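Asker: The structure is given below, and queries will be raised subsequently.
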Amino acid sequence: MKYPILLLFCICLFQLANAQDDIGGRNAFAVSAGFELGLPTQSIYSVGLGGSLKLEVPVAHKFSLSATGGFTTMTYKSAFSRAFGAPGSDTYVPLKGGVKYYASQGFYLEGELGTAIETSHDSRSLFAWSLGPGFVIPVNHGKSGVDLGFRYESWGGSEVRQTAIRVGYRFGW
Numbered sequence: 000m001k002y003p004i005l006l007l008f009c010i011c012l013f014q015l016a017n018a019q020d021d022i023g024g025r026n027a028f029a030v031s032a033g034f035e036l037g038l039p040t041q042s043i044y045s046v047g048l049g050g051s052l053k054l055e056v057p058v059a060h061k062f063s064l065s066a067t068g069g070f071t072t073m074t075y076k077s078a079f080s081r082a083f084g085a086p087g088s089d090t091y092v093p094l095k096g097g098v099k100y101y102a103s104q105g106f107y108l109e110g111e112l113g114t115a116i117e118t119s120h121d122s123r124s125l126f127a128w129s130l131g132p133g134f135v136i137p138v139n140h141g142k143s144g145v146d147l148g149f150r151y152e153s154w155g156g157s158e159v160r161q162t163a164i165r166v167g168y169r170f171g172w
């Protein structure tokens, strides 16, 4: 049931972003700060909450390179915590770099590779990758805007697999 609603939401945002004259300065150097919500699947975690900073550097008309650093707290499912005496949550620092392709005004596709460093227990590094669409909705007819991204993400193969949503404010110049 949640997938048709998510698809309908994405289509509505695509139409809104496509109706804009400018996409918030897609060909501009940009930095964004945002909040992250992760919804893990087949995992010991129930939810992930955090924040991130993203740097975007244009390299061609529709392509940009991106670098993302963040902080995420993954909360254990209550049954797992009770059964194994787990502390309740783990913290990770995901660091990724990738490519962003602007398919049309306001709509982009982004893929990233990197690492997610667990800081709670044994400080291990997990290979991380993510892929997904997003929208930039301009604010005040400038290069700044609201960046709304959706992605599927995997850290360490089957360790953490999640659908994530990022809402950020993008400062472009």
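Using numbering that gives the first Met the number 0, the letters of the sequence shown correspond one by one to residues 0 to 172. From the three backbone atoms N, C-alpha and C, an ideal C-beta is built for every residue, glycine too. In this text the structure is predicted, and so the values were computed from the model without any measurement.
Using only the alpha-carbon positions, how far apart do residue 183 and residue 75 sit?
Answerer: The structure shown does not extend to residue 183, since the chain is modelled only from 0 through 172, so no value can be given for it.
Asker: For residue 92 and residue 151, I'd like the C-alpha separation in whole angstroms.
Answerer: By 1-based counting over the sequence shown, the position of residue 92 is 93. By 1-based counting over the sequence shown, the position of residue 151 is 152. Their backbone Cα atoms lie some 17 Å apart in a straight line.
Asker: To the nearest angstrom, how far is it from the Cα of residue 6 to the Cα of residue 58?
Answerer: Counting from 1 along the sequence shown, the entry for residue 6 is found at position 7. Counting from 1 along the sequence shown, the entry for residue 58 is found at position 59. With a pLDDT of 48 at residue 6, under the threshold of 50, the modelled position of this residue cannot be trusted, and the question is left open.
Asker: With C-beta atoms as the reference, is residue 109 less than 8 Å away from residue 148?
Answerer: As a first step, residue 109 must be located in the sequence shown, where it is residue number 110. As a first step, residue 148 must be located in the sequence shown, where it is residue number 149. Yes, these two residues count as a Cβ contact at 8 Å.
Asker: What residue from 51, 68, 98 and 63 has the CA that sits closest to residue 32's CA?
Answerer: As a position in the sequence shown, residue 32 is number 33, starting the count at 1. Of the listed residues, the one whose Cα sits closest to residue 32 is 51.
Asker: CB residue 72 to CB residue 47, shorter than 8 Å?
Answerer: Residue numbering aside, residue 72 sits at position 73 when the sequence shown is read from its first letter. Residue numbering aside, residue 47 sits at position 48 when the sequence shown is read from its first letter. Yes, the pair counts as a contact, with Cβ atoms nearer than the cut-off.
Asker: In whole angstroms, what is the alpha-carbon distance linking residue 65 and residue 104?
Answerer: As a working note, residue 65 is residue 66 in the sequence shown. As a working note, residue 104 is residue 105 in the sequence shown. Taking the straight line from one Cα to the other gives about 18 Å.
Asker: Which whole-angstrom value is the C-beta distance of residue 42 and residue 135, which I expect to be below 8 Å?
Answerer: Here residue 42 is taken as the residue at index 43 of the sequence shown, counted from 1. Here residue 135 is taken as the residue at index 136 of the sequence shown, counted from 1. Contact flag wrong, Cβ pair sits at about 30 Å.
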